[in-house]
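Report on the following structure.
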Amino acid sequence: MRIVQKFGGTSVADIERIQAVAQRVKAEVDAGHQVAVVVSAMAGVTNQLVEYCGAASPMHDAREYDVVVSTGEQVTSGLLAMVLQNLGVQARSWLGWQIPIHTDSVHGKARILSIDTAELVNRLEDGQVAVVPGFQGLGEDSRITTLGRGGSDTTAVALAAALKADRCDIYTDVEGVYTTDPRIVPAARKLDKITYEEMLEMASLGAKVLQTRSVELAMNHHVRLQVLSSFANTPGTLVCDEDEIVEKEIVSGIAYSGDEAKLTLVGVEDRPGIAASIFGSLADASINVDMIVQNVSEDGSTDVTFTVGRADVDRAKQVVENDDAIVCREVRADGQVVKVSVIGVGMRSHVGVAKTMFEALADKGINIQVISTSEIKVSVLIAEEYTELALRSLHTAFGLDSE
Ligand code: ADP
Ligand code: ASP
Ligand code: MG
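Everything in the sequence shown is counted per the numbering used here, starting at 184 for the first residue and increasing by one.
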């Protein structure tokens, strides 16, 4: 069997942890498997590197940012290769540019285009473990790129797909994918299985246990993906097709994202084309808009509310204020909001999910500011201070609490 193992930041946080990881790699090698390992930077290191960049230059060159922030993974890949060698396991590190892992040139959030696996496969077949730093690649501009925060998951899944691996095991600091973030809701339950689709929604709606792009790749390339703990020997969560899951819940999980900010345009002139001007200008400035609501017009004017990523809020406000085609009384920005979403493929065949959600929030006196829905999720925007209360109440309301 050929497998890819990925170890996140807390799993390689220090030499002791790296030694524990090496034992897990060795166990797979001893079982006769070919193993490629993907590692993250030590916990906290990438944040520190990002901070350095901000301190060195607030408006820095994204290519140099990638040179800096990609280094954390270089350290752990070398260290793990050394420790494996000490255990008598043949191993070497392979930096992104050495393989190479080809990406586009969108520095800071590059996408993997292809991976040259010929030489890696030769070595794997000879019994050598490949230790690959996650998160990094080689851009079309021949420079180092990084894949966006949490990108080591994507390196692992892309490598598993390219190597046609039988399994991709993502080792992290919780025992699998839970019904919601177990660090916020102690009653959260570990799921034995979750569909690719639900996992994709969970990830894109804020559950950082897997990077969204990694789930997308796993779904498209049918990678057998498993999330499990590097701290315990318990079975994890399998991400799989819907037909592999016998008992389906209506709601499988609840996610939240604090990376949101709300803008309200008060007293916008209500005429055809106004939404096109607002969202056209924002798109021209490469600002992603997520949720949108527009109120009914009473006196020829209306309020338009929408959300953007928190990092974009000041820029979005400026864009709207500086655009002469957008006439409104006032632009209000609010960064103290959070998006909470309930997710489940069962929603396709069951009604009443939104009702249960809204009632549970109303019972706690939590005001809903914006709502958006899709086939398998309902999201609401609420004040940030209610995050925990909302997650816990919804978790109970949908019968997800562990016994
Ligand atoms: P790693 O460093 O291993 O990549 P991350 O910190 O990126 O780990 O992701 C694991 C974290 O994701 C957990 O510690 C947990 O707090 C968080 N998380 C959020 N939502 C979920 C969920 N539904 N299930 C499991 N973990 C979740
Ligand atoms: N070290 C990178 C980050 O912290 C990539 C990863 O760990 O997945 O975002
Ligand atoms: Mg991660």
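Backbone N, C-alpha and C define an ideal beta-carbon position, used for all residues, glycine too.
Quantities reported herein were computed from a predicted structural model and do not represent experimental measurements.
For residue 214 and residue 192, the gap between their C-alpha atoms comes out near 26 Å. Collapsing the DSSP output to three states places residue 237 in a helix. Looking at 542, 445, 504, the one whose alpha-carbon comes closest to that of residue 473 is 445.
Every beta strand (DSSP E) of 3 residues or more that sits fully in the region 534–582 is shown, in chain order, as 553–557, 560–566. DSSP lists no beta-bridge partner residue for residue 365. The C-beta separation of residue 329 from residue 252 comes to about 6 Å, placing the pair in contact by the 8 Å criterion. Residue state for residue 276 is assigned as strand, using DSSP reduced to three classes. A direct Cα-Cα distance of roughly 14 Å separates residue 318 from residue 297. Note on geometry: alpha-carbon atoms of residue 336 and residue 512 lie some 45 Å from one another. Just so you know, the alpha carbons of residue 206 and residue 271 end up roughly 11 Å apart. Per the Cβ contact rule, the region 357–368 is in contact with the region 408–417 (3 or more Cβ pairs under 8 Å). The DSSP-derived three-state label of residue 473 is strand.
For residue 292, the Cβ stays outside the 7 Å cut-off from all heavy atoms of the ligand MG.
Set against 7 Å, the gap from the CB of residue 390 to the closest heavy atom of the ligand ADP is smaller.
The straight-line gap separating the alpha-carbon atoms of residue 300 and residue 282 is approximately 7 Å. By the CB criterion at 8 Å, residue 279 and residue 327 fall inside the cutoff.
Boundaries of the alpha helix (DSSP H) around residue 396: 395–403. For residue 450, there is no enclosing alpha helix (DSSP H); the residue is found in the beta strand (DSSP E) stretching over 436–452.
Residue 538 is classed as exposed because its beta carbon has fewer than 16 other beta carbons within 10 Å across all chains shown.
Sequence-distant partners of residue 487 (beyond 5 residues in either direction) whose C-beta falls short of 6 Å from its own C-beta, in its chain, are 448, 451, 477. For the alpha helix (DSSP H) assignment, the uninterrupted runs of no fewer than 4 residues enclosed by the region 331–383 are, from N- to C-terminal side, 335–345.
Here the distance from the Cβ of residue 512 to the nearest heavy atom of the ligand ASP is not below 7 Å.
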